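Numbering (this note's numbering), first residue to last: 2 to 161. Yeah, the Cβ is synthetic: ideal placement off N, Cα and C, and Gly gets one too. All of these numbers come straight from a predicted model, not from anything done at the bench.
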Amino acid sequence: MNFMIVLGAFGIGAYLLQIVFGMKQIKHFNQTYQQLRRKGKVAIGRRAGKLKAGTIVMFAVSKEGEIIESVKMQGVTVMAKFKQMPQFNGQFITSLVSDNDLVQQENKLMRQAIVNAREIYIRVEEGNYVEEKPVSPFVLAKIQANLFKEKIQTKLKRGV
Numbered sequence: 002m003n004f005m006i007v008l009g010a011f012g013i014g015a016y017l018l019q020i021v022f023g024m025k026q027i028k029h030f031n032q033t034y035q036q037l038r039r040k041g042k043v044a045i046g047r048r049a050g051k052l053k054a055g056t057i058v059m060f061a062v063s064k065e066g067e068i069i070e071s072v073k074m075q076g077v078t079v080m081a082k083f084k085q086m087p088q089f090n091g092q093f094i095t096s097l098v099s100d101n102d103l104v105q106q107e108n109k110l111m112r113q114a115i116v117n118a119r120e121i122y123i124r125v126e127e128g129n130y131v132e133e134k135p136v137s138p139f140v141l142a143k144i145q146a147n148l149f150k151e152k153i154q155t156k157l158k159r160g161v
């Protein structure tokens, strides 16, 4: 009985720490975003990592499309902080395609986040950006179950 109480207290404590550090990370994100926003438009790219490190890049961009300042946050935990990426300063955001030399020097998740920031920036500038809503895990499970069911039915029909 005592073991269960200790285990429960440990779980609740870990959950509360996660909340506190998550709030600190959100505050840090908002502060960094505001600093970049004062310099110009901000292009944000992200690449969620399920079990890998999640990645966020933000570029402060001038009216001409030149990157004034660039930062990245990459990590698995809520302890990740934004770090400067001075190598992108002075580049034009539209030039940050996947085969750009500077982009190629980054890891795969960072490259995807940089290209995502470029694509979103271009769509917003063109006026045709619509926020993509994430699909619920339950909906994904239902879709996969239906696909599996159809696959089995197809195999059974071929066997007959």
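Tell me, please, whether the segment 59-78 touches the segment 33-50 by the rule of three or more beta-carbon pairs shorter than 8 Å. Touching, yes, given that three or more Cβ pairs across the two stretches are closer than 8 Å.
Exposure label - Glu151; buried when at least 16 CB within 10 Å: Counting from 1 along the sequence shown, the entry for residue 151 is found at position 150. Glu151 is exposed by the Cβ-count criterion.
Taking Cβ positions, are Ile94 and Arg119 nearer each other than 8 Å? In the sequence shown, residue 94 corresponds to position 93, counting from 1. In the sequence shown, residue 119 corresponds to position 118, counting from 1. In contact: Ile94 and Arg119 (Cβ atoms closer than 8 Å).
CB of Val116 within 8 Å of CB of Ser96, strictly: Counting from 1 along the sequence shown, the entry for residue 116 is found at position 115. Counting from 1 along the sequence shown, the entry for residue 96 is found at position 95. Not closer than 8 Å, so no.
Inter-residue CB distance, Glu70 and Gly91 (contact presumed, cutoff 8 Å): Translated into positions along the sequence shown, residue 70 becomes position 69. Translated into positions along the sequence shown, residue 91 becomes position 90. Contact flag wrong, Cβ pair sits at about 10 Å.
Cβ of Phe83 within 8 Å of Cβ of Leu103? As a position in the sequence shown, residue 83 is number 82, starting the count at 1. As a position in the sequence shown, residue 103 is number 102, starting the count at 1. No, the pair does not count as a contact, with Cβ atoms beyond the cut-off.
Going by the CB atoms, is the gap between Gln35 and Val79 shorter than 8 Å? Walking along the sequence shown from the start, residue 79 turns up at place 78. Walking along the sequence shown from the start, residue 35 turns up at place 34. Not in contact: Val79 and Gln35 (Cβ atoms no closer than 8 Å).
Quick test of your reading: Gly50 and Leu141, contact by CB under 8 Å. State the CB separation rounded to the nearest angstrom. As a working note, residue 50 is residue 49 in the sequence shown. As a working note, residue 141 is residue 140 in the sequence shown. About 17 Å separates the two Cβ atoms, so there is no contact after all.
What's the gap between the Cα of Gln106 and the Cα of Lys42? Here residue 106 refers to the residue found at position 105 of the sequence shown. Here residue 42 refers to the residue found at position 41 of the sequence shown. For Gln106 and Lys42, the distance between alpha carbons rounds to 25 Å.
Taking the beta carbon of Met24 as the centre, do at least 16 other beta carbons fall within 10 Å, making it buried, or is it exposed? The residue you call residue 24 lines up with position 23 of the sequence shown. Result: exposed.
So, helix, strand or coil for Ala61, using DSSP? Position 60 of the sequence shown, counting from 1, holds the residue named residue 61. Here Ala61 sits in strand by DSSP.
CA nearest to the CA of Gly72, picked from Pro87, Lys64 and Phe11: Working through the sequence shown from its first residue, we reach residue 72 at position 71. For clarity, residue 72 is Val in the given sequence; the question names Gly instead. Restricting attention to Pro87, Lys64 and Phe11, the CA atom closest to the CA of Val72 is found in Pro87.
Tell me the DSSP bridge mates of Gln85? Counted from its first residue, the sequence shown places residue 85 at position 84. In DSSP, Gln85 forms a bridge with Val72.
Hey, out of Tyr122, Tyr16 and Val136, whose CA is closest to Glu65's CA? Within the sequence shown, residue 65 is the residue found at index 64, counting from 1. Relative to the Cα of Glu65, the nearest Cα in the group Tyr122, Tyr16 and Val136 belongs to Tyr122.
What is the DSSP secondary structure of Ala54, counted as helix, strand or coil? Here residue 54 is taken as the residue at index 53 of the sequence shown, counted from 1. In the three-state scheme derived from DSSP, where H, G and I count as helix and E and B as strand, Ala54 is classed as coil.
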